[in-house]
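A quick write-up on the structure given underneath.
Written out as structure tokens, the structure is:
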């Protein structure tokens, strides 16, 4: 086999942060294994992931999943993994200025994703959602009123300035794939708010649709490799955090 | 003049996220101007920063300060700026594996810094601290009990495995400088909690002290270029969020 087989390590059962890496690997048709989703008999499972994470043989242990093994390298942090994979998968230009620009946008997506997470966990990741519901409602209201419009308005503006088809201009990149995931996830989590906001981000909505129609992405989304959105991941649907328009204050 | 003059753009009056970049530029003795802190008569000030940020002449507008201008490049996101500057300032190795490793650690610091910010702003950056005090108390308790030990314990472990002097092993890097700032900032914000926790992170405390004694850093810290910690930045001291041991629950 000529192409390297990448090993992705992430929690099984959720899309979570690992999904941004999966989408890039899937779109490129890259050979990879999703290690923690394999059975233990095939050297997979969460135990295998945690064993590698703590291994003294690693040059640098990850702080948390996801991480990627590529040959001798083990790389953690989603944006860092995508920075590495981008040119190798044909999903980013390989000159320094373009790579830094793509990475800048991806890091801004990272910031947005952290804020989405905190809509349901504003106090502590160690507590259940049920133990921080009043705070989650306050944080979600602020997120939907201020932060989501600010982030999505920014990406819409960048997309438009670059011609409207790809956020970097030029060709499809891993940043476009991540923006697809952001739109899909926000629609799952906050369907009412996103329906109301969609007219202000026509470029991002169209980009989402174009990504979903790419042959490899369409096949992936229809496969059982695509874990459904659920209430263990980043994008969670709690109806009380996304009231219907008639019930909004 | 042979060396390029870097232009740093960040809010004047706070250390904030810009400080991680300042420390690298200062330690390297790199020529730079802190544009928003210059008077308007010298083409500085916040208005100049905001004008550049929104300029259609930029290939890619930043989402938020800080950003760095280096020749034709304008780069945003602290970790991205440091990734770019690292090898140029002699503050990171220049092989790919080492650069990715340094960046992975810096992105983990970015995550920690975001969580520190949210100890005083758990609901919304658009609200004052005074409007989210009960939530800030809950979040701070969780941060000090769970998250701070988890992050600092991780960095202590990495430092120790790499020989105890520099977090990447080998020579001083921008990641060491950022860890100095993390320790200094946490001590300012949470003096009681940090005094109690210090015995568990002897390596990081010693690293902090060694960085503070580096001649250029010592000169910088004694200068008026080092803005004092204050309650407009990331690391804020609100005594009610850091109770004395006898008052802790």
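Protein chains in written order, with this note's numbering: chain A, 1472 to 1720; chain B, 1472 to 1720.
Even for Gly, the Cβ is constructed at its ideal location relative to N, Cα and C.
It should be emphasised that the depicted structure is a prediction, and the values quoted were computed from it without experimental measurement.
Per DSSP, the continuous alpha helix (DSSP H) segment holding residue 1499(A) begins and ends at 1489-1499. Of the candidates 1623(B), 1476(B), 1495(B), 1714(B), 1714(B) places its Cα closest to the Cα of residue 1609(B). Any Cβ of chain A closer than 9 Å to the Cβ of residue 1533(B) would place that residue at the interface, and such an atom is present. Less than 9 Å separates the beta-carbon of residue 1643(B) from that of residue 1498(B). Per DSSP, reduced to three states, the secondary structure at residue 1580(A) is helical. Shortest Cα-Cα distance from residue 1580(A) to any of 1631(A), 1671(A), 1652(A), 1543(A) involves 1652(A).
Judged by DSSP in its simplified three-state form, residue 1545(B) adopts strand. Per the Cβ contact rule, the region 1477-1490 of chain B is in contact with the region 1503-1510 of chain B (3 or more Cβ pairs under 8 Å). Using a Cβ-Cβ cut-off of 7 Å, residue 1625(B) is close to 1534 of chain A, given in chain order.
Interface criterion met: the Cβ of residue 1581(B) is under 9 Å from a Cβ in chain A. Comparing alpha carbon positions, the residue from 1668(A), 1687(A), 1619(A), 1573(A) closest to residue 1640(A) is 1573(A). For residue 1505(B), the enclosing beta strand (DSSP E) begins and ends at 1503-1505. Residue 1610(B) carries a helical assignment under DSSP once its states are collapsed to helix, strand and coil. At least 9 Å separates the CB of residue 1705(A) from every CB of chain B. Our two residues, residue 1637(A) and residue 1693(B), have alpha carbons roughly 47 Å apart in a direct line. Interface annotation for the region 1543-1561 of chain B against chain A: 1544, 1546, 1547, 1548, 1550, 1551, 1555, criterion Cβ-Cβ distance under 7 Å. Taking a C-beta distance under 9 Å as the contact criterion, residue 1613(A) and residue 1557(A) do not qualify as a contact pair. Separation of residue 1519(A) and residue 1527(A) (C-alpha to C-alpha, rounded to the nearest whole angstrom) is 14 Å. The alpha-carbon of residue 1545(A) is positioned some 13 Å away from that of residue 1554(A).
Taken in chain order, no unbroken stretch of beta strand (DSSP E) lies wholly in the region 1652-1719 of chain A with a span of 3 residues or more. Put simply, of 1699(A), 1585(A), 1502(A), 1584(A) the residue whose alpha carbon is nearest the alpha carbon of residue 1483(A) is 1699(A).
Closer than 9 Å at the C-beta level to chain A, one finds these residues of the region 1628-1639 of chain B: 1628, 1629, 1632, 1633, 1639.
With a 10 Å radius around the Cβ and a threshold of 16 neighbouring Cβ atoms, residue 1647(A) comes out buried.
For residue 1478(B), the uninterrupted beta strand (DSSP E) run begins and ends at 1477-1480, by DSSP.
When C-beta atoms of the region 1619-1634 of chain B are compared with those of the region 1659-1677 of chain B, three or more pairs fall below 8 Å, so the two segments count as touching.
Less than 9 Å divides the Cβ of residue 1536(B) from the Cβ of residue 1488(B).
Along the region 1602-1646 of chain B, the alpha helix (DSSP H) occurs as fully enclosed runs of 4 or more residues at 1604-1613, 1619-1632, listed in sequence order.
In the three-state scheme derived from DSSP, where H, G and I count as helix and E and B as strand, residue 1538(B) is classed as strand.
For residue 1689(B), no Cβ of chain A is located within less than 9 Å of the residue's own Cβ. Counting only residues of its own chain and dropping the five nearest sequence neighbours on each side, residue 1711(B) has a CB closer than 8 Å to the CB of 1604, 1608. The alpha-carbon of residue 1517(B) is positioned some 19 Å away from that of residue 1705(B). Restricting attention to 1563(B), 1529(B), 1670(B), the CA atom closest to the CA of residue 1542(B) is found in 1529(B). Residues of the region 1560-1578 of chain B that bring their beta carbon within less than 7 Å of a beta carbon in chain A comprise 1568, 1571, 1572, 1574, 1575, 1578, in sequence order.
The alpha-carbon separation between residue 1585(A) and residue 1592(B) amounts to approximately 14 Å. In terms of beta-carbon proximity, residue 1698(A) stays away from the interface with chain B, with every pair separated by 9 Å or more. Less than 9 Å divides the Cβ of residue 1560(A) from the Cβ of residue 1501(A).
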